[in-house]
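Q: First the structure, then my questions, so here it is.
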C-alpha cells in the first residue's frame with residue numbers, strides 16, 4: 005500500500021488560503037458604507053436577479069463576494085438562524101454579532117476540516133437604532149472576523165477599492181447621494197470602466213424606516229441620485 | 009457535514025424547517041405530545057380548560073376586504089381576557105383572524121408571519137395569495153393531533169391578490185381543507201349569528217364605510233346572542249377591532265372610528281326600545 009505524501013499543516017493551510025483567495029479575486033467587489041441615515045451597499049453586479057446583497061432581518065443585511073452558490077448557502081443559513089431566533093425569543097434579540105459569530109464558526113470549521121475551503125468573503129451589517137452605532141463585520145474564507153468602521157469592501161481588488169475610498173471617508177457620515185457617488189467612483193476607478201445604474205446593485209439599511217429597514221434601490225433611483 | 013449553524017436543509021419554508029429541526033417549537037410539537045386525551049377519566053373527562061377566542065368575520069367591499077373580530081376570550085364560564093386581539097396583520101397584503109384555543113391560535117399567527125417573511129427573504133419574492141392560503145392550510149392540518157385534545161385552531165385568512173387586483177377570503181376546516189368564500193364569512197362560536205346578519209344585509213361592491221358598518225353590526229348581533237362573544241364595552245372603552253385589506257396594504261381602522269359607528273348603531277337600537 006502506498007503511503008500518502010506528508011504535507012505539513014502550515015503548507016496545507018497556505019495552499020488552501022491561496023486557493024480561496026484566487027477564487028475570490030476573480031469576482032467583483034461589494035462595498036458597505038455608513039451614511040447619515042443608515043448603511044449603504046453598493047455592488048458591481050450585472051445580474052438583476054442574482055443578488056449579492058440581501059436582507060437578513062429587521063436591521064441586518066448580508067453581502068457576499070466570491071462563489072455565488074457558496075455565499076448563497078451562507079445567506080440562507082443566516083436567514084434561517086435569524087428567523088429562528090426571532091421566533092424563539094423576540095425580534096430585538098436577533099443581532100449581527102451572533103450571526104457573524106455563527107458564520108465565523110462555520111467558515112472556520114470548513115476551512116480547517118474540508119478538502120476545499122469556501123471561496124467567499126461576506127459582510128454582516130446591522131444598522132444601529134436609538135443612538136447605537138452601526139456594526140459592520142467582515143468575515144473571510146478562513147473564518148477570521150473583522151469589526152470594520154465606516155466602510156468595508158469585499159471581493160476581488162477590495163484593497164484597491166478601499167484605497168480609492170480612504171481619503172473620502174473621514175469626517176461625519178455623508179448623505180446618501182454623496183456616499184453613493186464615492187462608492188460608484190471607487191468601483192469605476194478600479195474596474196477602469198464606466199458603470200451604468202443597471203450594472204449596479206444598490207441597497208440601504210435605512211434607520212428611519214419602520215419594521216424592516218432593508219430596501220433595494222431601483223436603477224432609476226440610482227440614476228437619479230448619481231446625476232441630479 | 010452537519011454544522012450547527014448550517015443544518016442540512018434546503019427548503020424555503022420556515023414551518024418545515026422547524027418541524028424537522030426543532031419539533032418542540034411547532035404547534036402541537038412534543039411539548040404536550042404525550043398528553044392524555046379528553047377521554048382520559050383521571051383528568052375529569054372534560055376538554056382542556058384553556059382560553060378560547062370567538063367571533064371573527066370578513067366581508068368583501070369595493071376596494072378589498074374588511075376583517076374584524078371581537079375582543080373576548082373565555083375559559084369555561086369565565087372571561088379570560090377582555091382585550092384579546094384576534095385579527096393579525098401577517099404581511100403587507102394579508103391578514104388573518106382566529107377562533108379556537110387562544111394560545112395555539114396566537115402561536116399559529118406568529119408562525120405564519122415568520123413563514124411568509126422567511127419565504128420572501130430566501131426566495132427574493134413574496135408567495136402568491138393562493139400560495140399563502142395553501143401554506144396556512146398545511147399548518148392547520150399539522151395541528152390536527154392537537155384538535156383531538158381539544159385545542160382547535162380555526163383561521164380565517166384574507167389576502168389582497170395583486171395579480172387579480174381583488175381581495176380574497178379563505179376559510180378552513182380542522183383537516184386543513186381550504187375553501188374560498190366569494191362574499192363574506194364568519195367563524196367562531198358566534199359565527200353563525202354574524203353570518204345571519206351578513207346574509208340579510210350584504211351587497212356586492214359595498215362602499216368602505218358601509219362594509220365596516222355591516223361588519224361591526226354583525227359582531228354586535230353575534231355578541232347579543234352568543235355568550236362567548238364580547239360586545240362593545242362602554243365602561244372600559246373596549247371595542248372590536250377591524251382591519252382593511254386592499255391595494256394599499258393593511259390598515260387598522262382607528263378605535264375612534266369604530267366607536268363612532270357603534271354610537272350611531274346603539275342610539276338606533278335604543279330608540280326602538282322606547
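Residue numbers (my numbering), protein chains in the order written: chain W, 5 to 232; chain C, 9 to 282.
Quick reminder that beta carbons are idealized off the backbone N, C-alpha and C, glycines included.
Pop quiz: residue 160 of chain C and residue 184 of chain C are said to be a contact at Cβ under 8 Å. What is the actual Cβ separation, rounded to whole angstroms?
A: Not quite, the Cβ-Cβ distance comes to about 13 Å (not below 8 Å), so this is no contact.
Q: Taking CB distances under 8 Å as the criterion, tell me whether residue 84 of chain W reaches chain C.
A: yes
Q: Cα-Cα, which of C:32, C:271, C:239, C:111 is closest to residue 227 of chain C?
A: C:239
Q: Taking the continuous alpha helix (DSSP H) assigned at residue 77 of chain W, which residues delimit it?
A: Counting along the chain, the alpha helix (DSSP H) containing residue 77 of chain W begins and ends at 72-92.
Q: Give the residues of chain C in contact with residue 80 of chain W, contact being defined as C-beta atoms less than 7 Å apart.
A: Going along chain C in sequence order, the residues near residue 80 of chain W (Cβ under 7 Å) are 130.
Q: Per DSSP, what are the beta-bridge partners of residue 16 of chain C in this structure?
A: Paired residue(s): none; residue 16 of chain C is not in a bridge.
Q: CB-CB under 6 Å to residue 126 of chain C, same chain, minus the five flanking residues each way: which ones, in chain order?
A: 22
Q: Measure the Cβ-Cβ separation of residue 214 of chain C and residue 30 of chain C and say whether it is below 8 Å.
A: no
Q: Taking Cβ-Cβ distances shorter than 9 Å, what residues in chain W pair up with residue 33 of chain C?
A: 88, 91, 92
Q: Inspect the beta-carbon positions of residue 16 of chain W and residue 183 of chain W and report whether they are closer than 8 Å.
A: no
Q: In the DSSP output, what is residue 67 of chain W paired with across the bridge?
A: W:57, W:127
Q: Let me see if you follow: with CB-CB separation under 8 Å, is residue 52 of chain C close to chain W or not?
A: Low local confidence applies: a pLDDT of 46 at residue 52 of chain C is under 50, so the model's placement there is unreliable, and no value is given.
Q: Span of the beta strand (DSSP E) holding residue 72 of chain C?
A: 72-77
Q: For residue 157 of chain C, count neighbouring C-beta atoms within 10 Å of its own C-beta (all shown protein chains included) and say buried if the count is 16 or more, exposed if not.
A: buried
Q: For a contact meaning CB atoms closer than 8 Å, what does residue 59 of chain W contact in chain C?
A: 129
Q: Anything in chain W within Cβ reach of residue 22 of chain C, meaning under 7 Å, just list it in chain order.
A: 87
Q: For residue 45 of chain C, I'd like the list of residues in its chain whose CB is within less than 8 Å of its CB, leaving aside the five on either flank, ordered along the chain.
A: Low per-residue confidence applies at residue 45 of chain C: pLDDT is 41, beneath 50, and the placement is therefore not dependable enough to give any value.
Q: Between residue 55 of chain W and chain C, is the shortest Cβ-Cβ distance under 8 Å, so that the two count as touching?
A: yes
Q: With DSSP collapsed to three states, give me the class of residue 127 of chain C.
A: helix
Q: So residue 59 of chain C and residue 88 of chain C are in contact, right, with Cβ under 8 Å, and what is the actual spacing, rounded?
A: 4 Å
Q: On a CA-only basis, which of W:200, W:218, W:49, W:199 is nearest residue 208 of chain W? Give me that one, please.
A: W:218
Q: Can you tell me whether residue 227 of chain W is helix, strand or coil according to DSSP?
A: helix
Q: Any contact between the region 66-84 of chain W and the region 180-196 of chain W? By contact I mean 3 or more CB pairs, one from each, below 8 Å.
A: no
Q: Buried or exposed for residue 52 of chain W, going by 16 or more other Cβ atoms inside 10 Å?
A: Around the beta-carbon of residue 52 of chain W, fewer than 16 other beta-carbon atoms lie within 10 Å, marking it exposed.
Q: Return the bridge partner residues of residue 163 of chain C from the DSSP annotation.
A: C:106
Q: Taking 8 Å as the threshold (beta carbon to beta carbon), is residue 282 of chain C in contact with chain W?
A: no
Q: Note down, in chain order, each residue of its chain lying with its Cβ closer than 6 Å to the Cβ of residue 90 of chain W, except the 5 sequence neighbours on either side.
A: 98
Q: At a Cβ threshold of 8 Å, is residue 25 of chain C touching chain W?
A: yes
Q: Which residues in the same chain have their Cβ closer than 6 Å to the Cβ of residue 35 of chain W, if we skip the five residues on either side of it in sequence?
A: Taken in chain order, the residues that qualify are 46, 157, 187.
Q: Work out the CA separation of residue 94 of chain W and residue 151 of chain W for me, nearest whole Å.
A: 25 Å
Q: Check this for me: beta carbons of residue 79 of chain C and residue 249 of chain C, under 8 Å apart or not?
A: In terms of Cβ geometry, residue 79 of chain C and residue 249 of chain C form a close pair [threshold 8 Å].
Q: Would you decide whether residue 31 of chain W is buried or exposed? Buried here means 16 or more other CB atoms lie within 10 Å of its CB.
A: Buried: at least 16 other Cβ atoms inside 10 Å.
Q: Kindly list, in the order they appear in chain W, the residues whose Cβ is closer than 9 Å to that of residue 193 of chain C.
A: Those within 9 Å of residue 193 of chain C in chain W number zero; the least Cβ separation is about 29 Å.
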